[in-house]
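Read the structure below first, then the notes.
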Amino acid sequence: MADADTETIVRALFSTAGMTLTDEQIASFVRLYPTLREQADRLWAIPEVRYEQPALLFDARTDR
Amino acid sequence: MTSVPLTVASAGKALRAREISSTELTTQLLAKVKALNPALGAFITVTEESALAEAAAADALFGKGVDKGPLQGIPYGTKDIIATVNAPTTANSNILDRAWGHGYDATVITRMREQGAVGLGKLVLSEFAIGLPDPAMGFPVPKNPWNVDHSAGGSSSGTGVAVASGMILCGFGTDTGGSIRGPAAYNGHSGLKATFGRVSKTGCVPLGYSLDNIGPMARSVEDCALMLQVIAGYDPADPCSVDVRVPDYGAAMTGSVAGLRVGVPTAYFFDAPGLIPEVKTAVLAAIDKLKSVGAIVRELAIPHAEEAKDANAIIMFSEACAYHRTDLQERYNMYGKFTAPMLVRGVLYSGADCIQASRFRTYFQREVAKAMADVDILVTPTAPFTAPRRDEMTPESRLLDPGFLGQWNLTGLPALAIPCGFSNDNMPISMQFIGKPFDEPAVLRAGDAYQRLTDWHLRVPPIAQG
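For the record, the sequence lines run as chains L and G.
For our numbering, add 205 to where a residue sits in the first sequence, where the first one is 1.
For our numbering, add 415 to where a residue sits in the second sequence, where the first one is 1.
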C-alpha cells in the first residue's frame, strides 16, 4: 500500500468518525496503519476461524 | 520504616496478637505515603481522615472480640478508576465527569468495607487505563521504585508502585490486556487477574467491556488470595458476573506442588524475538525449582499465540473507542498526549475486523482448552523484558514487541504474575501462571508454593528502606 493511499484511507477513517486530527497526528497514524492492518488481516487468514461463531452473548430478557 | 509489616498476612497476625493496632499501622503507612509519594507518584488522593476513622472502627471491633476476617484493619489502595464513596474518581483524566461514581462504592469496595478494611486512597493509573503518563495533565507521574528512571508499567501503575514501596499492603488494579500483571512484573510483586466474571466490575470505568477485570495486587500470592476471597462472587449488577461457587482459596495453598501438572508453551512464549535472555533464564530456573519439588512439567504448544495478543488488542481498542468516541470528537486535546492516539486506534479497524477477532476468540479459547487438557496450569514469562526507561516509551514503541498477557484476557482465564528474579541492573523479573476457568486455586497453589521457596516478592527497593 503506497503512503499516499494509506494517508487517504487514514484521513477518510478519521473524517468518517468525526475526529479532527492535526497533520502531525495523521502522519503518525499513516506510519502505524499498515502494522495495525496487517495484524487484523492475519486473523482473516486463519482457516480454522472461517466458520467460527463470535464470542458474543446477548440475552433477550431485560429483567435479569 | 522497615518495622512496618510487609504483607497482609503478617499484619493480620500482628493485629490479632495486639502487637500493633490498625490505627498505628495506618498511621505508619500514611507517613510512608507522605515520605515517598512525592518521589514515586503513586497516589492521586490520600483519604487520611476516613482511613483513620476506618482504622479506629477496626480497632474497636478487635477490642470487642469481633473479627470479620483477614482484611479487618488492613490498609489498602484503590486504582482511581474504581468508584469509592469517600473520594472522587478521576480515571487519571481531565475528561471524566467528576460526578461519575459520586456517592457510591464499587461492589469490590463495598465488600472491603464489609470486612473492615481501611482505604488509604486512590491510586495513579494510565489515563482511562490505557496509554502512558503525560506530565502536562496535572496528575502525578508514577516512577518505578527500583529505578525512578524506569517505567512503573501500566495501567495499574500507582497500585504497583505503592505495593512495591510499602505505602500499602495490598490494592486494586484493573486488567484488560495485562494492566494488573504488567505493573506487578515491573515493580516486583504479585498480581492476579481472576477468571472473567469471577470478580464484579460494577463501579469501574470501562476500557474493554468484554475484557475488563478488577483484581488484587500485593507482595505475596497469599495476600492476593485473601483479597480474592473477599471480592469474588456473583454480582447481579454486573452483566458479566458469573454465578459460580467461590471456593476456599486458603485451603488450596498447601505449600506443595507435588503432582501439579505444569505446561510450558515453548513456542512464542519462550522464543519470541524480543524476549531477553535474562528473563527467559530466570523463568526456566523457576520452572526447574517447581520441578525439583514435585511438579510434573512438560512442553506443549499454544497455536496462534501472537495473533491472540493482536485479537485482544483489536477488541479492546474497538470497545474503548466506542466508549470514548464522543469525547474524542469534541475534546481530543483534553486527553493526555499518549492517550488519545491509543483510544482512536479503534477507528482504524472495521466492524467486521472486530467480529473476526471475536470469532478468533472462540477458536483460541477452544485451542487453549485442548492444549491444557492434560495439565493444570501453564507457565510463561509475564513480560518479555524488565521495566524499560520511561523516556524510551511511546505508544508505538511496544506495538511490535511480543506480549504474553492479552491472550489470557481473550480467553478469560485466571493469570497470576509473581516475581522470579532480578536482572543484572536490579530490576524485577516475573513469571505468569495461567489456570483453567475458575481454577484460581491451582494458580494460587503454584504461586504460593514457589514463594515459600523464594523471597523475591519480599525484597524492598532501596528507596523505600530505612
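Even glycine gets a Cβ: it sits at the ideal position worked out from N, Cα and C.
For Phe-775 of chain G, the nearest beta carbon of chain L is closer than 8 angstroms to its own beta carbon. Per DSSP, the unbroken beta strand (DSSP E) holding Ala-633 of chain G starts and ends at 629–633. Only those residues of the segment 750–773 of chain G whose C-beta falls short of 7 angstroms from the nearest C-beta of chain L are listed: Pro-756, Val-759, Arg-760, Val-762, Leu-763, Tyr-764, Asp-768, Ile-770, Gln-771, Ala-772, Ser-773. Around the beta carbon of Pro-877 of chain G, a 10 Å sphere encloses fewer than 16 other beta carbons of the protein chains shown; the residue is thus reported as exposed. In the three-state reduction of the DSSP assignment, Ala-502 of chain G falls in the strand class.
Runs of the beta strand (DSSP E) spanning 3 or more residues and lying entirely within the segment 774–846 of chain G occur at 792–796, 830–837, in chain order. Val-235 of chain L does not reach chain G, its nearest Cβ partner there being about 11 angstroms away, counting only Cβ pairs nearer than 8 angstroms.
About 5 angstroms separates the Cβ atoms of Arg-596 of chain G and Thr-797 of chain G, confirming a contact at the 8 angstroms cut-off. The residues Asn-507, Ser-508, Gly-751, Thr-754, in chain order, have a CB closer than 6 angstroms to that of Glu-542 of chain G in the same chain once the five nearest residues on each side in sequence are set aside. The Cβ atoms of Asp-768 of chain G and Ala-245 of chain L lie closer than 8 angstroms to each other.
Phe-587 of chain G is positioned such that its CB atom lies closer than 8 angstroms to that of Thr-493 of chain G.
Here DSSP, grouped into helix, strand and coil, assigns Arg-676 of chain G to strand. One Cα belongs to Ala-802 of chain G, the other to Ala-457 of chain G, and the distance between them is close to 16 angstroms. Within chain G, the residues placing a beta-carbon under 8 angstroms from that of Thr-240 of chain L are Leu-814, Leu-815, ordered along the chain. Rounded to the nearest whole angstrom, the CA to CA distance from Val-708 of chain G to Val-858 of chain G is 16 angstroms.
According to DSSP, Pro-490 of chain G shares a beta bridge with G:Val-533. Annotation: Leu-540 of chain G to Tyr-664 of chain G spans about 28 angstroms, alpha carbon to alpha carbon. As DSSP reads the structure, His-739 of chain G sits in no beta bridge. Just measuring C-alpha positions, the residue of G:Leu-868, G:Ala-450, G:Leu-831, G:Asn-839 sitting nearest Lys-851 of chain G is G:Leu-831. In this structure, Ile-629 of chain G lies near Thr-589 of chain G, with their beta-carbon atoms less than 8 angstroms apart.
Counting only runs of 3+ residues, the beta strand (DSSP E) found wholly inside the segment 504–575 of chain G occupies 533–538, in chain order. In the DSSP assignment, the residues bridged to Glu-714 of chain G are G:Val-679. Scanning chain G for C-beta atoms nearer than 9 angstroms to the C-beta of Pro-252 of chain L yields nothing, as the closest lies near 10 angstroms away. Secondary structure note for Leu-218 of chain L: it is in no beta strand (DSSP E), and the uninterrupted alpha helix (DSSP H) holding it is 208–221. Distances from the alpha-carbon of Val-254 of chain L to those of G:Gln-771, G:Phe-837, G:Ile-489 put G:Gln-771 closest. Beyond the five residues adjoining it in sequence on each side, Leu-444 of chain G comes within less than 7 angstroms, by CB distance, of Val-419, Pro-490, Leu-535, Met-582, Ile-583 in the same chain, given in chain order. Inter-residue distance for Glu-745 of chain G and Lys-704 of chain G is about 54 angstroms (C-alpha atoms, whole angstroms). Within the segment 717–730 of chain G, the residues whose Cβ lies closer than 7 angstroms to some Cβ of chain L are His-719, Glu-722, Asp-725, Ala-726, Ile-729, listed in chain order. With respect to chain G, the C-beta atom of Ala-260 of chain L has a partner C-beta closer than 8 angstroms. Following the DSSP letters along the chain, one finds Ser-233 of chain L inside the alpha helix (DSSP H) bounded by residues 228–249.
By the neighbour-count definition (other C-beta atoms within 10 Å, threshold 16), Asn-748 of chain G is an exposed residue. The C-beta distance from Ala-473 of chain G to Gly-484 of chain G rounds to 11 angstroms, too long to fall under 8 angstroms, and the pair is not in contact. Within the same chain, Cβ atoms closer than 7 angstroms to the Cβ of Pro-662 of chain G are found at Pro-856, the five residues on either side in sequence being excluded. Distance from the Cα of Ala-471 of chain G is smallest, within the candidate group G:Pro-453, G:Lys-785, G:Leu-440, for G:Leu-440. In this structure, Ser-625 of chain G sits away from Leu-451 of chain G, with a CB-CB distance that is not shorter than 8 angstroms.
Taking 8 angstroms as the threshold, the shortest C-beta distance from Leu-743 of chain G to chain L falls below it.
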